[in-house]
Amino acid sequence: MCSMMLAAALGSAFALGSAAAHPLPPASDLPGAPAPQRHIAIVIDDFGNGGKGTEEMLNLPVKFTAAVMPFLPSTHKDAEMAHAMGHDIIVHLPMEPIRGKASWLGPGAILTSLPDDEIRRRVEAAIADVPYAIGMNNHMGSRATSDERVMRIVLQVCKEKGLFFLDSRTSWKTVVPKVARELGVPLLQNDVFLDDIYTRRHVSRQIAVLRQELKKRDSCVVIGHVGAPGLITSGELKNAIPALQSEASFVRLSELLPAASRAQGSKQR
Ligand SMILES: [Zn+2]
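Going left to right, the sequence shown walks through residues -21 to -1, 1 to 248 as mature numbering (1 follows the signal peptide of the UniProt record, and there is no 0) numbers them.
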């Protein structure tokens, strides 16, 4: 289930509130209110390559989800460290984009030109290479995630291994929701990219977008990166986290999944 669908399922009480003439204030505004019911899941992409901001991200004062690329120099080290610090680990699977350099993809990429059996082999190898992975998301992938043949194989392997999928939504033509629903793979989706432009100003604006999104839904998934914007994004997140904590709790992706899928995920490595 994507976070939007999850929000829709969980949000009927809020929908009633917002339709009323005098909507109730958010729970966090009430004196003596219990812990905020809204959830922010930070996902940090591109671990595995010693990218800038790796340590700063791992040391953020909240739990998040580390998306680790397979077959890179620090794939194993980053996954081990992030797991030891209590973060969730997912495979950050390199997938073919419509635009972009082949060198940005990294080893073992899923290309739409590959035959079925080679796609399956690459997805299985990627999962085996990232210790403690309980889910998967796409690195780039605007072409691959809109290809139904390719995504059916990727998501079928996720299903067999008990992994959920986070659709980074790099393409508005993504077929991931349709195929994941057909196969019964637990699905989440990205709501806000924090650092598609590498400036403090942009990242802080995207954090403001996140705050707006939180007024509309119970949970929000945001994606940031280590690497080129890593120091900027980790710095802005560190500054923003204390204020955000008064509005929402920070969770790992596995905490946004329905209980049945969580139980399945916990059986994984
Ligand atoms: Zn990536």
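All C-beta atoms, glycine included, are put in the ideal place defined by N, C-alpha and C. Just so you know, these numbers come straight off a predicted model, no measurement behind them.
Spatial neighbours of residue i in its chain, beta-carbon cut-off 7 Å, leaving aside the 5 residues before and after
i: D108; result: P49, F50 and T54
i: E59; result: P110
i: G87; result: P49, F50, P73, R101, A104 and A105
i: K152; result: S125
Cβ-heavy atom distance, residue i to ligand 1, below 7 Å
i: D96; result: no
i: D175; result: no
i: D57; result: no
i: D146; result: no
i: D67; result: no
i: M36; result: no
i: M119; result: yes
i: D108; result: no
i: H18; result: no
Whether residue i touches residue j by CB criterion (8 Å)
i: G114; j: E75; result: no
i: L173; j: L145; result: no
i: A219; j: I186; result: yes
i: residue 249; j: L39; result: Nothing in the structure corresponds to residue 249, since the chain is present only between -21 and 248.
i: S183; j: G32; result: no
Cβ-based neighbour list, residue i, same chain, cut-off 6 Å, excluding 5 preceding and 5 following
i: V158; result: M130, R131 and L134
i: H62; result: I68 and Y111
i: N169; result: S147, R148, V200 and I202
i: L84; result: P73
Secondary structure of residue i, DSSP reduced to three states
i: H55; result: helix
i: R231; result: coil
i: L145; result: strand
i: T178; result: coil
i: S125; result: helix
i: D67; result: strand
i: L236; result: coil
i: P73; result: strand
i: D25; result: strand
i: T44; result: strand
Own chain residues within Cβ distance below 8 Å of residue i, not counting five before or after
i: A(-1); result: With a pLDDT of only 37 at A(-1), under 50, the local geometry of the prediction cannot be trusted, and the value read off the model is given with reservation. Closer than 8 Å at the Cβ level, and outside the excluded window around A(-1), lies no residue.
i: A238; result: none
i: D95; result: R128 and I132
Residues that residue i bridges to, as DSSP identifies them
i: F172; result: I202
i: I89; result: M74
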